[in-house]
Structure formats: C-alpha cells, structure tokens
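As given, the protein sequences belong to chains A and B, one line each in that order.
Residue numbers are given in my numbering: position 206 of the first sequence equals residue 209, and the series is strictly consecutive.
Residue numbers are given in my numbering: position 159 of the second sequence equals residue 162, and the series is strictly consecutive.
Remarks on the structure that follows.
There are 2 protein chains.
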Amino acid sequence: MKISELSRRSGVSIPTIKYYLREGLLPTGTHTARNQAEYSENSLRRLLLARALISVGGLSVAATGKVLRAMDEPVTLLKSLGLAHYALPSPFPAEAHEDVDEKFVAEAQALIKAAGWELVGDTPYIECLAAGQKALSLMGVDWTAEGLLPYAELAHATARLDLDQVAGFEDRMAIAERVIVRTVLLEPVLATLRRLAQEHEAAQRYPRSDQLARESDTE
Amino acid sequence: MKISELSRRSGVSIPTIKYYLREGLLPTGTHTARNQAEYSENSLRRLLLARALISVGGLSVAATGKVLRAMDEPVTLLKSLGLAHYALPSPFPAEAHEDVDEKFVAEAQALIKAAGWELVGDTPYIECLAAGQKALSLMGVDWTAEGLLPYAELAHATARLDLDQVAGFEDRMAIAERVIVRTVLLEPVLATLRRLAQEHEAAQRYPRSDQLARESDTE
C-alpha cells in the first residue's frame, strides 16, 4: 500500500509516519517509483504498535524504537520477549533509582524468591523493585518481602492472564508483539481498575456523611 | 524545628523546601524571629509525602499541590479520600483521552457493574478506563467488560490489601495520607512485579534455547 493508505488505515498522519520512518520505528517501504514507496501489512502492524506504545504507554519515540528493534533480533522467542521487555522504560522516574543501597536489592531478591519466580535473563526489574522498596521504606510503608508478598501473588495471577492470552499463537513475532502490547497498554488500565476498586472498597468501609468521631466508632 | 533540621530529617535540600513552600505544598512555618521560621512534625510529614509523590510517583509539583490541598479539605474521610484520589493525574497520557466515544464509556460502565463496584463520587476513572479500552480495541486486544473482568477482580483484591493496611488508624488525615501514599507508590511497584512475574511465566511456558519450529511444538 502507499503511504496515504497506510495513514488512512492507521489513523496516523503522513508527517508522523515520515518522522517514525526517519527514526527507524518502521521498516522503509519498497521503492516502486520516484518518490513512491510500497508498504506491507507488516508496516501497518508496526505502525499501530508504535503509535500505541507512544500515545497510550507514554513511551518516548526513542524508547519505542529500542523496544521495536529488540523484538526484531533474530533470537528465540523467550530471548526476544526479554529484550523487548528490558527495553521498556522503568515504571519509576529516574530520581527514584538514585542511591538504592544493597539492603533493598537483597530484599527485592528475597521477595522474588518468596514468590517462587525463576528469572532467566539479566532483568533490570530487580533494581526497579528495590527502588520501589526504598521509596516505601522512606514513607513508613511495609517494604519487606513478607509485607509485599500478597501483592506479588496478585501480580503473578495478572501475569498468568497476560500469558494465557497469547497461548496458541505460533509466530514468534506475533507472540512478542502481543506480550509487549498487553504489558504496556494494560499497565495504565490496571492502575485505573485498582483506583476504581479502592473507591468501592473505601465506600464500603467508611461512612459517607459523618465526622471523625463516628468514623472511628465504625472501624 | 528550623528549616535546616527539616532539610536534614527529610533529605530534601533547603532550596527545594523553599520552592515547595512558595508553591503551597507545605504549610508555612511559624515565624519566630526575622528570617526564621519554626516547622512542625506535620510539616515534615507533608514534605516527605510531597517528595514521594514527585520523585517516585512522577507527579508534577502542580499535581502534587492539588492532591495535598484536596486532602486538607474539611470534609468526611470518604470525601477527602475521593478528592485526593481525583486530583491524581490520569494513568494515561493526555493523547489517549482524545475522541473516546460513548461505546467505550458504556463498556467501562458495564465492567464496573460486572465487578460489583459501587462508586459514590463523580470519579474521573470511568473515562480513564474507557480510554484504555479504546486503545486495547485499536490493537486488537479484548477490551470488553467480559474480557477484562478477570483483571478487574485481581485489581479488586489488590485494593482490598491497600485498604486493609489503613484499618485501625483513626485520624482522618493519617488515613487519607496513607491511602494516597500506597496508591501512588505501589503503582510502579505493582507494574514492576507484573513484569517480573511475566518473565517467570514466559520462562515456564516457552523453551530457552530453540527455534521457532520447536517453540510451536511445545505449545
């Protein structure tokens, strides 16, 4: 298809598509005539994926390029998943990663062990977890492996749902794309669901119309 | 305490504290002498909270001010929780909120109903959820209430854990602060735990060292 059709089918403007092409987010089309290029269904899929990572996942164009190129590496599915996963930005701002000492890394590892997780790659998420635990400890929230284990178990159940959804697909690239899409797009959806569920739970547990005295009575 | 002690105990620099004071993130101290002010334990707690929302939650200074002022409203606990909650930034980038049509809002409401959640306030999170469902639908991921219900149930279990942690506290402000701290700080922790659990699950389900042909065999 021509770039105009690529734009129409994806809903992404032609200048944005050209920008993504320059940044290496999409494979360049096949040149058929001067100033004309043909794009494949694969380009369309990549474009939709890039757009979703940027506009919903909030990834930068540079981070998106890193994820997409990682998925293209000619390696096994598991390795390709890992590379794409590790190319995602940390869930924490850079500042939270400063001065995270060994005590927190050790407790992050203890939590992973308690959850029974076997990690094969050189995952950056142990350090992310440690950064989060440090932040919790500064705010007086239980940051220990024991305290966080119930949350880890719910995260594990969530990850099982994620992987269940890609079972049955056989194409390595299709699986990697689907896992990355789910990882990135569902992250804000899950955060939203948790906030809604908190509102429901708070309304169940605390009275609607009274003052502090009565609130303490009902606890 | 003097500003120097406030800085030492919080780990936040004096210029940053002064900036937060100007932005209304902290109550101004009690003036005791020319160019001297006394700060309370309450100021320290507020400062730690502001710092955590900014450096770990990734909130802007303006968004942080909005959350902190919402918590100070002289209303019931439930209302105060709601105000602080609604002052949090959306989990989605602004772009994801564009052109979300009624179809998605209706399905967001169907999901909330299916989950059994009763929402008392005028929550902004129904629209956030609809924005997420639209993004999922564009990427061919199941975005229906039925498809997302298992995720909603896990989010509900997570919210129960969150609220369990504040049970027993009686002070309205202490509860509101604790809920907000947990909501914001645990969001990236939960995202990290899910990514780690995905790595474990992927390693369990897909072989480590072989090519596409064998990968499909084992599915």
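Every residue, glycine too, gets a C-beta built ideally from N, C-alpha and C.
Fair warning: this is a prediction, and the values are worked out from it, not measured in the lab.
When the alpha-carbon of threonine 195(B) is set against those of Leu91(A), Pro18(A), Arg54(A) and Ala40(A), the nearest one is in Leu91(A). Look at the region 101-178 of chain B and you find these whole runs of alpha helix (DSSP H), each 4 residues long or longer: 105-118, 128-141 and 148-167.
Secondary structure at glutamate 76(B): coil, using DSSP grouped into helix, strand and coil.
Fewer than three Cβ pairs drawn from the region 97-107 of chain A and the region 69-84 of chain A lie within less than 8 Å of each other, which leaves the two stretches out of contact.
Distances from the alpha-carbon of alanine 177(A) to those of Arg11(A), Ala134(A) and Ala87(A) put Ala87(A) closest.
Shown in chain order are the members of the region 187-207 of chain A whose Cβ falls below 9 Å from a Cβ of chain B: Leu188, Leu189, Glu190, Pro191, Val192, Leu193, Ala194, Thr195, Leu196, Arg197, Arg198, Leu199, Ala200, Gln201, Glu202, His203, Glu204, Ala205, Ala206 and Gln207.
At a cut-off of 8 Å between beta-carbon atoms, valine 144(A) makes contact with chain B.
At a cut-off of 8 Å between beta carbons, arginine 25(B) makes no contact with chain A. Under the 8 Å Cβ criterion, the region 56-68 of chain B does not count as touching the region 98-112 of chain B, having fewer than three qualifying pairs. Around the C-beta of alanine 133(B), 16 or more other C-beta atoms lie within 10 Å, and the residue is accordingly described as buried. Per DSSP, the unbroken beta strand (DSSP E) holding glutamate 41(B) starts and ends at 39-41. In the assembly as shown, glutamine 207(A) is an exposed residue. Its beta-carbon has fewer than 16 other beta-carbons within 10 Å. A check of alpha carbon separations from glutamine 39(A) across Ile6(A), Pro18(A) and Thr147(A) identifies Ile6(A) as the nearest. Scanning chain A for C-beta atoms nearer than 8 Å to the C-beta of isoleucine 115(B) yields Leu199, reported in chain order. Glycine 135(B) sits close to leucine 188(A), with the two beta carbons spaced by under 8 Å.
When DSSP states are grouped into helix, strand and coil, threonine 67(A) belongs to the helix group.
Using a CB distance below 8 Å, the part of the region 138-168 of chain B facing chain A consists of Ala138, Leu139, Leu141, Met142, Val144, Asp145, Leu151, Pro153, Tyr154, Ala155, Leu157, Ala158, His159, Ala160, Thr161, Ala162, Arg163, Leu164, Asp165, Leu166 and Gln168, ordered along the chain. Taking C-beta separations shorter than 6 Å and ignoring five residues to either side along the sequence, the partners of threonine 33(A) in its chain run Glu41, following chain order. In this model, leucine 56(A) and threonine 126(B) are separated by some 26 Å (Cα to Cα). The DSSP-derived three-state label of threonine 33(B) is strand.
In the structure shown, arginine 211(B) falls within a coil segment according to DSSP collapsed to helix, strand and coil.
Between serine 16(A) and leucine 50(A), the alpha-carbon positions lie close to 11 Å from each other. The beta carbons of glutamate 204(A) and alanine 162(B) sit closer together than 8 Å. By the C-beta density criterion, serine 63(A) is exposed, having fewer than 16 other C-beta atoms within 10 angstroms. In this structure, the beta-carbon distance from isoleucine 115(B) to leucine 199(A) falls below 8 Å.
Among the residues facing chain A, threonine 79(B) is included, as its CB has a counterpart in that chain under 8 Å away. Taking all protein chains in view, the Cβ of arginine 175(A) is crowded by 16 or more other Cβ atoms within 10 Å, so the residue is classified as buried.
Excluding its 5 nearest sequence neighbours in each direction, threonine 35(B) has C-beta neighbours in its own chain below 8 Å: Glu41, listed in chain order.
Counting only the Cα atoms, serine 93(A) lies some 12 Å from glutamate 190(A). A distance below 7 Å between beta-carbons, with the five flanking residues on each side excluded, links alanine 138(A) to the following residues of its chain, in chain order: Ala99.
Under the Cβ distance rule, serine 10(A) does not count among the residues neighbouring chain B, no pair being separated by less than 8 Å.
As the crow flies, the alpha-carbon of serine 140(A) is around 15 Å from that of alanine 53(B). Residue state for lysine 5(A) is assigned as coil, using DSSP reduced to three classes. Residue nearest to glycine 124(A) within the set Gly14(B), Val144(B), Tyr209(B) and Glu202(B) is Glu202(B) (criterion: CA-CA distance). The beta carbon of alanine 111(B) sits closer than 7 Å to those of Ile129, Leu132, Ala133 and Gln136, all from its chain and outside the five residues before and after it, given in chain order.
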